Amino acid sequence: MLNELKTVSYFHAADWAVFFAVLAATAGAAIYGNRRLKKKQGSKPSGILDYLLMGRQLTLPLFVATLVATWYGGIFGVNEITFNYGIYNFVTQGLFWYVAYLIFAFFIAPKVAQYQSVTLPDLTEQMFGPKSAKVAAVFTFFYITPVAYVLSLGMFLHMVFGIGVLPGMALGTLFAGLYTAWGGFRSVVFSDLVQFFVMCSAVLLVVLFSVHTFGGLEFLKAHLPASHFTLTGGNSWFNTLIWGFIALSTLIDPSFYQRCFAAKNPDVVKKGVLISTFIWFCFDLCTTAGSLYARALLPQAQPGQAYFFYSIQLLPVGLRGFFVAGILAIILSTLNSFLFIASNTLSFDLLRTRFKNVVLSNRIAIFAVGALAIALAHLLHGSFKEIWLVLGSYFSACLLVPILMGYLSPGRISDKLFVGASLTSAGAMTAWRFIPKHELLEALDPFYIGVATGLIILLACRRRREEAYVTRITYR
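All you need for this note's numbering is the position in the sequence shown, starting with 1, plus 7.
Now the structure itself:
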């Protein structure tokens with residue numbers, strides 16, 4: 008059996024050389040993005056669009072790289088779920104999401120292309136009205152504020168350099184915030200390109216060396232609980248299916264929409280999502296398999312950290328440093344995107360009328376969002392699974408149904424109805440968490456209450472509007 012380590016200060020000089028080379032490449036890519044921004048932007052009004060969406064010139068290779076890289080910042084959370092529940096992680100964090108990606112590619116992307124929007128709340132305003140946009144912006148802001156990813160970065164720096172988690176969160180977020188604010192979406196995209204190749208290679212190396220060193224599936228079955236190979240991992244089907252509904256949040260995910268709005272054309276979006284889905288499938292196989300090996304060989308380790316400690320003991324000198332750089336790339340690629348989108352939501356969607364210089368206010372907002380994420384991560388220092396579940400539940404339950412109904416029945420949901428349904432859903436979910444319930448109802452997650460509440464309100468009020476409209480036509 009391997010041992011859980013307290014530090015990785017024993018790294019060979021070659022490991023540090025590789026690690027800092029990757030870090031330098033990331034910074035260099037961000038600088039390149041900033042130089043491209045300055046050439047495109049100047050003093051033109053279109054500079055705002057270039058800063059926020061790369062001037063809508065995102066090509067297929069860049070679309071795939073930035074979309075894939077953005078999706079995995081909570082690597083320690085994925086490791087935690089696999090360590091505790093086995094292939095349940097691949098079901099809840101993989102299979103459910105692949106279905107949502109395909110729905111998005113074939114049905115949602117063409118509808119999104121009809122709108123020349125800048126953000127998800129901006130799209131909501133075009134579909135429903137200004138009040139709906141504000142409500143969508145508030146839910147989007149809290150959903151996209153990178154609490155789990157700031158915490159992941161703090162944990163990473165603690166494990167690598169031995170500094171405290173809180174100082175690690177502050178230093179890491181400052182680094183990500185600086186290069187993100189510097190070049191805007193271009194810096195995000197070009198840094199994601201470097202991080203994409205590093206993170207994919209790193210997780211693949213762990214699987215290859217694991218199989219070569221310890222054997223394949225038979226080894227895992229011999230050293231892991233039988234429940235780790237069941238679809239629910241010992242959880243109820245009721246709780247497992249919640250993740251299926253949360254995965255549908257992809258259909259309104261702000262990072263998906265940002266890339267769609269930035270793409271050169273709808274064809275780039277459709278092909279990009281399909282290619283990304285295949286890469287995500289391979290990536291999830293690698294991270295799940297690697298975490299299973301970590302559980303088998305480090306059963307007493309901290310669930311969220313076992314994969315990291317296992318991998319750095321497994322890999323040889325040089326590749327060890329590359330793997331550590333890969334983990335950092337996974338975290339940073341999501342953190343920078345979420346920081347940028349959350350700052351867009353704050354400066355462009357919520358406070359646009361109060362600031363003349365949108366780019367400057369966006370840059371300031373990046374650091375305000377980072378500070379908020381650090382504070383929340385410090386206060387909510389708990390399970391990644393719970394952080395994702397709570398934030399994802401509110402966002403999905405309150406926005407998913409009205410926005411999808413807006414796609415299916417354009418013009419049938421008013422601004423006021425959207426706001427009422429979303430806020431009532433949030434209120435019902437919150438109330439369900441605190442009111443006393445019969446033990447048979449304890450297993451009913453607040454998510455279901457929120458979705459049901461919003462759906463009932465939307466259907467009932469929409470029907471009354473249609474009946475009133477028919478009545479007016481009849482009397483005419």
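Idealized CB from N, CA, C, for every residue including glycine.
All values reported here derive from a predicted model rather than from experimental measurement.
Could you tell me how far apart the beta carbons of residue i and residue j are, in whole angstroms, since I believe they sit closer than 8 angstroms?
i    : j    : result
L339 : F330 : Contact doesn't hold; Cβ gap of about 15 angstroms is too wide.
I151 : F345 : 5 angstroms
F163 : I319 : Their Cβ separation, rounded to whole angstroms, is 12 angstroms, which puts F163 and I319 out of contact at 8 angstroms.
S7   : S256 : With the chain covering only 8 through 483, there is no way to say anything about residue 7.
A183 : L292 : In fact, because the Cβ distance is near 28 angstroms, the residues do not count as touching under 8 angstroms.
F441 : S400 : At roughly 15 angstroms, the Cβ-Cβ gap does not stay under 8 angstroms, so F441 and S400 are not in contact.
Within the same chain, show all residues whose beta-carbon is closer than 6 angstroms to that of residue i, passing over the 5 residues directly before and after it, in chain order.
i    : result
N369 : S350 and S354
V398 : Checking the sequence, you will find Leu at residue 398 rather than Val. If we look at L398 and ignore the five residues flanking it on each side, its Cβ neighbours are Y150.
T131 : S139, A140 and A143
D452 : I249
H235 : G93
Which of the three DSSP states is assigned to residue i in this structure?
i    : result
L281 : helix
A270 : strand
A475 : Low local confidence applies: a pLDDT of 43 at A475 is under 50, so the model's placement there is unreliable, and no value is given.
L367 : helix
L65  : strand
F425 : helix
S124 : coil
W189 : helix
F489 : Lying before the first or after the last residue shown, residue 489 is absent from the chain, which here runs from 8 to 483.
N242 : coil
L78  : What sits at residue 78 in the sequence shown is Trp, not Leu. Note: W78 maps to coil in three-state DSSP.
I381 : helix
V408 : helix
V25  : helix
Return the chain-ordered list of same chain residues with a C-beta closer than 7 angstroms to the C-beta of residue i, the five sequence neighbours on each side being excluded.
i    : result
L212 : L322, L326 and F330
P128 : A140, A143, A144, T147, T352 and D356
Q64  : K271
V201 : A32, T33 and A36
A177 : I381
Please identify the residue among the options whose C-alpha is closest to the C-alpha of residue i.
i    : options                   : result
Y105 : L357, W78 and V125        : W78
T295 : F362, A37 and G93         : G93
D274 : Q307, M436, I115 and N91  : I115
V195 : F315, P117, I38 and F221  : I38
I282 : D57, V71 and R42          : V71
F316 : P68, M134, T180 and M166  : M166
A336 : V280, D452, Y156 and Y95  : Y156
M61  : T89, N41 and R193         : R193
A254 : L406, I456, F18 and Q100  : Q100
T180 : G377, V365, A372 and A382 : G377
L56  : V98, N96 and T126         : T126
W244 : V98, Y314, V324 and Q123  : V98
T360 : P137, F18, Q121 and Y95   : P137
A269 : Y122, L462 and F113       : Y122
P261 : L74, H219, P310 and L69   : L74
V276 : V119, A209 and I463       : V119
Does the ligand GTP have a heavy atom nearer than 7 angstroms to the CB of residue i?
i    : result
A229 : With respect to the ligand GTP, the structure shown offers nothing to examine, as it has no ligands at all.
Go through its chain and collect everything with a Cβ distance to residue i's Cβ below 8 angstroms, but skip five positions before and after it.
i    : result
L465 : V408, P409, M412, I420, L424 and A428
L231 : G93, L299, R302 and A303
K278 : L67
T481 : Caution applies to T481, whose pLDDT of 43 falls short of 50 and renders its modelled position unreliable; the value that the coordinates give is listed next. Counting only Cβ-Cβ distances below 8 angstroms, and skipping sequence neighbours, we find nothing.
P417 : M134
Of all the CB atoms in chain B, is at least one closer than 8 angstroms to the CB of residue i?
i    : result
F329 : The structure shown contains no chain B; it is built from a single protein chain.
Fill in: Length at least 4, wholly inside the stretch 108-177: the alpha helix (DSSP H) runs in chain order
Whole alpha helix (DSSP H) segments, 4+ residues: 116-119, 127-134, 137-151 and 154-168.
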